[in-house]
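Participant: In the working numbering, the protein residues as written are 549 to 667.
Cβ coordinates follow ideal geometry from the N, Cα and C atoms, glycine included.
Note that the coordinates shown come from a computational prediction; the quantities given were computed from them, not determined experimentally.
(1) Let me know the beta strand (DSSP E) ranges lying completely inside the stretch 583-642, each 3 residues or longer, listed in chain order.
(2) Between which two residues does the beta strand (DSSP E) holding residue 649 run?
(3) What does the Cβ neighbour count give for residue 642, buried or exposed, with the cut at 16 atoms within 10 Å?
(4) Within 10 Å of its beta-carbon, does residue 617 have 16 or more other beta-carbons around it, so buried, or fewer, so exposed?
(5) Helix, strand or coil for residue 657, going by three-state DSSP, please let me know.
(6) Rounded to the nearest angstrom, what separates residue 591 and residue 614 at their Cα positions?
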């Protein structure tokens with residue numbers, strides 16, 4: 549069975565194209581990013597310092613993925629969060645716990661203020 553030059557070039561061109569394009573799929577995968585936000589009192593709008601912030605999978609009853617506490621200004625940062633859907637749970641003594649759905653799509657995602665209701 550003989551192949552023409554045209555068949556050879558077509559097959560060769562396709563192989564070269566695949567060789568060049570295949571790594572871009574790996575490069576296109578999103579790297580882990582940073583999730584940050586502020587926790588505030590829902591009544592006074594003052595920051596809630598040292599509140600507990602926990603990142604959970606979107607599936608209920610799953611184990612914690614990451615966690616931190618807010619700083620003195622109510623700010624928190626969770627580094628190395630991969631893309632996907634999550635639940636963010638925030639709690640502090642004297643406040644009702646708050647859970648929010650989070651969709652991580654960018655390298656850095658800053659959430660709107662999280663308001664904790666005093667109990």
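Facilitator: Let me spell this out:
(1) 600-605, 614-617, 623-629 and 632-639
(2) One-based indexing of the chain shown puts residue 649 at position 101. 646-652 is the span of the beta strand (DSSP E), which, as asked, contains residue 649.
(3) Locating residue 642 in the chain shown gives position 94, where the first residue counts as 1. Counting Cβ neighbours within 10 Å, residue 642 comes out exposed, since fewer than 16 surround it.
(4) Position 69 of the chain shown holds residue 617. Exposed.
(5) Translated into positions along the chain shown, residue 657 becomes position 109. Strand at residue 657.
(6) Against the chain shown, residue 591 aligns to sequence position 43. Against the chain shown, residue 614 aligns to sequence position 66. Straight-line Cα distance between these residues: approximately 28 Å.
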